[in-house]
Each structure stands twice: as structure tokens, then as C-alpha cells.
Amino acid sequence: MKKNGKKVKEAVSWDEKRAGLIFMLPAAICWVLWFFIPFVRSVYLSFFEYSYLRPDEKVFIGLQNYIQMFQDPKFILALKNTLLFVIVTVPVMTMVSLALAVILNSKFRARGIFRTIYFIPYTIAGVAVATVFMYLFVKGGLVQALLVKIGFPDTTWYADVKLAMPFIGILFVWQLVGFYMIYYLSGMQTISDNVYEAAKIDGAGGWQTFRYVTLPLLKPTTYLVVVYSIIQAFQIFDQIAAVTSASGGLGSPAGATNTLLTYFYQNSFRYYKVGYGCSIAVVLFLIIMVVSLIQKKLSNSGDLD
11 MKKNGKKVKE AVSWDEKRAG LIFMLPAAIC WVLWFFIPFV RSVYLSFFEY SYLRPDEKVF
71 IGLQNYIQMF QDPKFILALK NTLLFVIVTV PVMTMVSLAL AVILNSKFRA RGIFRTIYFI
131 PYTIAGVAVA TVFMYLFVKG GLVQALLVKI GFPDTTWYAD VKLAMPFIGI LFVWQLVGFY
191 MIYYLSGMQT ISDNVYEAAK IDGAGGWQTF RYVTLPLLKP TTYLVVVYSI IQAFQIFDQI
251 AAVTSASGGL GSPAGATNTL LTYFYQNSFR YYKVGYGCSI AVVLFLIIMV VSLIQKKLSN
311 SGDLD
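Counting along the sequence shown from 1, when you hit position 143 you're at 153 in my numbering, and nothing is skipped either side.
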């Protein structure tokens, strides 16, 4: 009986594994076709001087693209813009989405409507959002009229070298904060009421409960929010393309809105320097990977503590 039972168990186990492999196969094929093969080809082309206009004139130049990249002032500016954008927008978006989730997790009338309202911006195309924000932050616009009263200059934000990137940041956070709010709301729904009851019995107030109960239990959610928002911040493109199309082209004014992704696009598809563009894409991938690994290690060490 035991032997037969073991055979049946093994047969069931194999059937489950086979079913899992079958369901994973489409996703695996898509990953290979749309990520792995293009990435390997990008790494390969980054060692060549290559152009789509002259595909037969590919010349191997080794690490020259990478050497040129770190000597290129425009690349350095794009790198600084990207890192500063990530450093500012990710913490702001994380804190605002968490605050909104805490508010909308409490019981009050029509909270479902407010949850929907805050999530709607995420469903709108980035180009449409950028267009509306451009009308609001233009010189003499509705938002500008309010900002002038608190000391801001009356200027068109996306045409100002100092304000163009903050404008993109405001647009970016506004559009995505509702999406990450849903993440936090989902995380809060998994916390048992018994935990809060125990904290209340121990005499914990609202702030103490949030700090010592809610926040620690939301660590996995916070990790996901931070990692995903970092990746999206590094890869921002649509909003910048929409905004700069009305102010002098991608990266304008004066390169103030150039990021690693926009600079990659310019070199690959405007100047047809595909090899150089691929080297920028490889560096961007490595930066995102390193940041994600560091974040994961910090999150795991926090769990161990």
C-alpha cells in the first residue's frame, strides 16, 4: 500500500510540475524573445560602431563606446538628471502613496469613490497627462497664478532650465501615486485586526500603532513599491517626450530633461549611433540591477534584525 501510495504521490507531483511548466512556457518564451535576446544583442552591438543606415559597415571597436560615454558631458548630465530624479521622486511617491493608503484604509463614507479617483490618473496615457499639466504650469496659467503668490516666478515650467525637471517629477508622481496607494491598501488588508486589538490593549496610541505595528508589517509591500518605482523612474520617457516636443525637442531646454533613456533614444534613433546607444542601455540596465540588489539586501537584513 505504501509503495502504491508513493507511486501515486510521485505521479501527482509530476503532473503538477508538468502543469506548472506548461503555464510558465508562454511567459518564458515572451521573456526570451522580448528581453533576453534583445539584451544580448544590445550588449553585443555595444562593442561595435554600428548604424541602421549602414548595417553592412559594422566595425568592432571594443570598449571605445564605453570610454567615450564617460567622457561625454551630455551623458554625464543625463546620468546626473536621472539619479537626481530617482532620488527625489521615489521617496516622495512612497510617502505620499502610504499616507493616502492610511487615510483611505479608515472607515468613512464614499471611501471607495475616493480610492477610484486617486487611481484614475494611472489609467490615463502619459502623453494626455503631460498635455494637461503643460496648460496648468504655463506662464499665467491656473497653477502658476497660485504659485506666484508663494514666491515662485511667473514662468513656463517646462521651458525653464531650472524648473523643467521638477515639472516632470510632479507630473510623474501625480500619475503613479494612486497605483502604489493600491499596493499599500492591499498590504494593509492582510494585517489581522487581532494585531491592532493587541496593540490597543497594550495601550498603544494611533501613531505608536502605525509606527510599531503597521510599518513593520508593510515591509514587503514597501520593498515592492520602492523597487518598482525606482525602475519606472529610471525608465521615464513618455512624459518627457510629450513635454519636450512642444519646447524644442527631446531633452530640451538645454538638456535639462535628458535622462539615460532619452539620451539612449536620441543616439540610437535620431543620430543612428546604435552601438553607442546600446552601451548607454547596458549601463542603464546595470544601474537598475545594482540598485535593486542593494535594496533587496537592505530589506533582507532588516527582516533578519
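All C-beta atoms, glycine included, are put in the ideal place defined by N, C-alpha and C.
Cβ neighbour criterion (16 or more within 10 Å) applied to residue i
i	result
Met175	buried
Met11	Unreliable placement is indicated for Met11, whose pLDDT of 45 sits below 50; no coordinate value is reported for it.
Phe274	buried
Gly150	exposed
Cys288	buried
Leu314	Bear in mind that the predicted position of Leu314 carries a pLDDT of just 43, short of 50, making it unreliable; the figure below should be weighed with that in mind. When all chains shown are included, Leu314 counts as exposed.
Leu35	exposed
Asn204	exposed
Val18	At Val18 the pLDDT is 46, less than 50, meaning the model places this residue with poor confidence; the figure from the coordinates comes in the next sentence. Label assigned to Val18: exposed.
Gly316	What is shown of the chain runs 11 to 315, which leaves residue 316 out entirely.
Gly122	exposed
Gly15	For Gly15, the pLDDT reaches just 49, beneath the cut-off of 50, and the residue's location in the model is therefore unreliable, although a value from the coordinates is still provided. Under this definition Gly15 is an exposed residue.
Met191	buried
Met79	buried
Phe95	buried
Run of the alpha helix (DSSP H) containing residue i, from where it starts to where it stops
i	result
Tyr281	Per DSSP, Tyr281 belongs to no alpha helix (DSSP H) and is neither H nor E.
Ile127	121 to 133
Ala155	152 to 158
Leu270	270 to 275
Ala266	Looking at the DSSP string, Ala266 is not in any alpha helix (DSSP H), and its letter there is neither H nor E.
Ile246	From DSSP, Ile246 is part of no alpha helix (DSSP H); its letter is neither H nor E.
Tyr145	136 to 146
Gly259	From DSSP, Gly259 is part of no alpha helix (DSSP H); its letter is neither H nor E.
Gly161	Segment: none, Gly161 is in no alpha helix (DSSP H) and carries neither H nor E.
Thr219	216 to 219
Nearest candidate by alpha-carbon position, reference residue i, set the options
i	options	result
Val183	Leu108, Ile297, Glu59	Leu108
Ile71	Ser309, Tyr286, Leu303	Tyr286
Asn310	Val96, Pro65, Lys229, Asp203	Lys229
Ile279	Ala38, Trp41, Leu63	The residue asked about is misnamed: residue 279 is Phe in this sequence, not Ile. Of the listed residues, the one whose Cα sits closest to Phe279 is Leu63.
Gly188	Phe177, Phe95, Thr104	Thr104
Asp248	Leu271, Pro226, Asn91	Leu271
Met146	Gln185, Trp41, Phe177	The displayed chain sequence assigns Leu, not Met, to residue 146. Ranking Gln185, Trp41, Phe177 by Cα distance to Leu146 puts Phe177 first.
Trp167	Cys40, Tyr60, Thr254	Thr254
Arg221	Asn268, Val112, Gln185, Tyr281	Val112
Pro65	Asn268, Tyr282, Leu43	Tyr282
Gly261	Tyr54, Leu225, Ala169	Ala169
Min CB distance residue i to chain B below 9 angstroms
i	result
Ile192	No chain B appears in this structure, which consists of one protein chain only.
Cβ-heavy atom distance, residue i to the ligand NAP, below 8 angstroms
i	result
Tyr168	Summarising the ligand content, the structure contains no ligands, and the ligand NAP is consequently not present.
Q. Between the segment 93 to 113 and the segment 135 to 149, are three or more C-beta pairs nearer than 8 angstroms?
A. no
Q.
Contact between the segment 201 to 221 and the segment 231 to 244 is defined here as three or more beta-carbon pairs at a separation below 8 angstroms; is this criterion met?
A. no
**Q.** alpha helix (DSSP H) segments (min. 4 residues) lying fully within the segment 43 to 119
**A.** 47 to 55, 74 to 79, 83 to 115
Q: Write down every uninterrupted run of the beta strand (DSSP E) in the segment 163 to 213 whose length is 3 residues or greater and which is fully enclosed by it, in chain order.
A: none
Q.
Closer than 8 angstroms is the cut-off here; do at least three beta carbon pairs connect the segment 291 to 307 with the segment 198 to 207?
A. no
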